Amino acid sequence: MTTTSVMWFRRDLRLHDNPALLAACAAQEVVPLFVLDPHLWDRSGRVRRSYLAASLRALDDALGGALVIRRGDPREVVPRVARETGALTVHHAADYGPYGAQRDRDVTEALHGIEVETQPLGSPYAVAPGRIKNRSGDPYQVYSAYQRAWADHGWRQPVDAPTRQTWAELRSDDIPEASLPKDMEVVEAGELAAHRAWTRFLDQAVDDYDEGRDLPGRDGVSRMSTYLRWGEIHPRTMLADLARKRSSSAATYRKELAWREFYADVLWHRPETAREDLREGFSKMTYDDPGAGFEAWTKGETGFPIVDAGMRELRATGFMHNRVRMIVASFLVKDLHVWWRHGARHFMEWLADGDLASNQHNWQWVAGSGTDAAPYFRIFNPTAQGKKFDPDGSYVRRWVPELADVPDAEVHEPRGVPGYPEPIVDHAEERAESLRRFDKTKGRA
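Quick note on the numbering used here: the sequence shown kicks off at 1422 and runs consecutively.
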C-alpha cells in the first residue's frame, strides 16, 4: 500500500534546506500543498500578493507542475486534502506569528480528529523564537544581549533537497493573478533567484558591508529581505556560507540576521506588540491624526530630499534601504507627530519584504516605544542624515529627478527648485515639539 504525506508550504517556498519537506518525503507519495488563506491574502497589499503569486509559480516549476493550490480556511482545507489522499501525516515548519501559531494549533486539533498526525519541523529562523532565555529564564529585552546568546546557541547545518520523489496528482486551484501597481518592479521571485542574489552579494559586496551598508547610493546591501520573508532561502543556509568568511563585514552581516530573529522572539513573547507599543508608557504619547503631511510623506513630496527619495524608492521597487527606512520613519513620527502604526501599515502595503515582526518592531525602535537600550529619545535630522549617508546626492538624484541638476553642496537643502516642494515643516521646531510631548509623557507615566 502506498503511503502518502502532505507537505504544507507556508513561509518556506523552497526545496533546499527545508527539513519539513525532507521529512515528508519519507512517504512514497507527497502532496505539496499551499493554502490560499483569505485571512492573509485579503489583508496583504498588492505588492505582497503579486510577489507571493510569482513565488508560487516558481515553486510549482521546481516541483514539475505538481504544486496543489487550494483556497479557503486552512482549518478546513488541510484536513480535507488529507482525507482526499488518505495521508497519514501533515508536515510543515512551525509558525511563531500571532495568527499563524493559533492557526496551526487549530489545524492540528482538526487533523487529530480524523487520526492524521501533524509533524512540525523547523521554522523560518536559524534559532526558533522562545528558544533563547537569559539566566533568569526570561526573554531578552535588548538586542545586543540577545545577539550574543543567539551566536553562542548556534544552529543546525542546512539539509539537502529531496532527490527522488513522487508528487501526488491532485486537483489544484489556479495560482491567482495579482498585478503590481503601475510603474513598479520588484526583485525576481523564487528559490533560484534568491540563491543567485545571495551568491552575487557574497562575491561582490559582503566584504565591504561594514562601509557600504549605510550608504544608500551604493550597491552595498544584500537585498535578501524579500527572499527571507517568503522562505525562498533559509537564514541557516546564509549563515553556513558566512561561516566560511573571515572578514569583519561578514560578522556584521551575521548580526543583521540576528536582528530579524530578535524581533521574531519579541513578538512571540509579546504578540500584542503587533498592534501596541512595547513600552507601556508610550500609550500616553500625544500624536496627530494623519493629514496633508502624511499624504505628502507617502508620496515622497515633503521637501526633504532623503525622505522623498526613500518613499519613492518604496513605491517603485517594494523595497527601501534600511538606513533610509529609519530616516523616513523618524520623520513621520518625530517631525509630523503621527503614530508609528500608520507608517507601519503603509510599509506593509508597499513592501515586498513586509514581515510583521521586523516591520512593527523596527518602527517602534524608531518611535522610541520598542526595544531600545538608548537612554535618550532619538530624533533623526533628515538633512544631516542625508548629508552624512548620501554625501554626493547619488541616491537622492536617482529617485528625485527634480534635483538631478542641483549641485552636491545643495542637494540635501534645495531651495526654489522648479517642480520640487519646499520643506513642509521646520525640523528644529518639530524636534522641540517632539521633545516637549515626550517630556509630558514621562510626567504622566
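Ideal Cβ positions, reconstructed from N, Cα and C, are used throughout, including at glycine. Just so it is clear, the structure is predicted and the values come from calculations on it, not from any experiment.
Original post:
Between Ala1866 and the rest of its own chain, which residues show a CB-CB distance below 6 angstroms, the 5 nearest in sequence each way excluded?
Top reply: The predicted position of Ala1866 is uncertain, since its pLDDT is 44 and thus under 50; a value taken from the coordinates is nonetheless stated next. For Ala1866, where only same-chain residues beyond five positions count, the Cβ hits under 6 angstroms are Gly1702.
**OP:** Report yes if the CB atom of Val1451 is closer than 9 angstroms to the CB atom of Ala1589, and no otherwise.
**Re:** A contact, by the Cβ cut-off of 9 angstroms.
Subject >> Closest by C-alpha distance to Phe1455, when choosing among Val1468, Ala1479 and Arg1464 >> reply: Nearest option by C-alpha distance: Ala1479.
Subject >> Contact between the stretch 1756-1767 and the stretch 1677-1689 (3+ Cβ pairs under 8 angstroms) >> reply: Inter-segment contact for the stretch 1756-1767 and the stretch 1677-1689 is absent: fewer than three beta-carbon pairs are separated by less than 8 angstroms.
Original post:
Under 9 angstroms, do Trp1576 and Arg1667 count as touching if we go by C-beta distance?
Top reply: In this structure, Arg1667 does not lie closer than 9 angstroms to Trp1576 by Cβ.
Subject >> Beta-bridge partners of Ser1426, as assigned by DSSP >> reply: Val1451 and Thr1510, per the DSSP bridge assignment.
**OP:** For the beta strand (DSSP E) containing Pro1541, list its first residue and its last residue.
**Re:** Per DSSP, the unbroken beta strand (DSSP E) holding Pro1541 starts and ends at Glu1538 to Pro1541.
Subject >> Contacts around Gly1652, its chain only, beta-carbon distance under 7 angstroms, and the 5 residues preceding and following it disregarded >> reply: In the same chain as Gly1652, and ignoring 5 residues on each side of it, the C-beta atoms closer than 7 angstroms to its own belong to Arg1432, Asp1433, Leu1434, Arg1435 and Pro1545, in chain order.
Original post:
So Ile1490 is in the alpha helix (DSSP H); what residue range does that whole segment cover?
Top reply: Counting along the chain, Ile1490 falls outside any alpha helix (DSSP H), though it belongs to the beta strand (DSSP E) covering Val1489 to Arg1492.
Subject >> Rounded straight-line distance, which links the Cα of Gln1781 to that of His1655 >> reply: Going by the C-alpha atoms only, they are around 22 angstroms apart.
Original post:
What is the residue span of the alpha helix (DSSP H) that Phe1715 lies within?
Top reply: Looking at the DSSP string, the run of the alpha helix (DSSP H) that includes Phe1715 is Ala1713 to Lys1720.
**OP:** Could you tell me the distance, in whole angstroms, from the CA atom of Ala1531 to the CA atom of Leu1542?
**Re:** Looking at the two C-alpha atoms, the distance is approximately 19 angstroms.
**OP:** Could you name the residues of the same chain whose beta carbon sits closer than 7 angstroms to that of Glu1823, not counting the 5 residues immediately before and after it, in chain order?
**Re:** Here the set comprises Val1838, Gly1840 and Tyr1841.
Original post:
Is there contact between the stretch 1581-1601 and the stretch 1710-1727, where contact requires at least three CB pairs shorter than 8 angstroms?
Top reply: Touching, no.
Original post:
Are the Cβ atoms of Met1659 and Trp1718 separated by less than 9 angstroms?
Top reply: A distance of 9 angstroms or more separates the beta carbons of Met1659 and Trp1718.
Original post:
What are the boundary residues of the alpha helix (DSSP H) that includes Pro1545?
Top reply: Annotation: Pro1545 is outside any alpha helix (DSSP H) and is labelled neither H nor E by DSSP.
Original post:
Quick one: Cα of Pro1835 to Cα of Arg1675, how far?
Top reply: So the two alpha carbons sit approximately 38 angstroms from each other.
Original post:
If you check the beta carbons only, do Leu1636 and Phe1810 fall under 9 angstroms apart?
Top reply: A Cβ-Cβ contact shorter than 9 angstroms links Leu1636 with Phe1810.
**OP:** Name, in chain order, the residues that DSSP records as bridge partners for Val1827.
**Re:** Answer is none; Val1827 lacks a bridge partner.
Subject >> Counterpart residues of Leu1457 in DSSP-defined beta bridges >> reply: As computed with DSSP, Leu1457 is found in a beta bridge with Arg1492.
**OP:** Express the C-alpha separation of Tyr1520 and Trp1462 in angstroms, rounding to a whole number.
**Re:** When rounded, the distance between both Cα atoms is 13 angstroms.
**OP:** Taking Lys1755 as part of the alpha helix (DSSP H), name the residues at either end of that continuous run.
**Re:** Careful: Lys1755 lies outside any alpha helix (DSSP H) and carries neither H nor E.
Subject >> Rounded separation between Ala1773 and Lys1603 - CA only >> reply: Cα to Cα, the separation comes out at about 15 angstroms.
Original post:
Is the beta carbon of His1758 less than 9 angstroms from the beta carbon of Arg1858?
Top reply: Yes, the pair counts as a contact, with Cβ atoms nearer than the cut-off.
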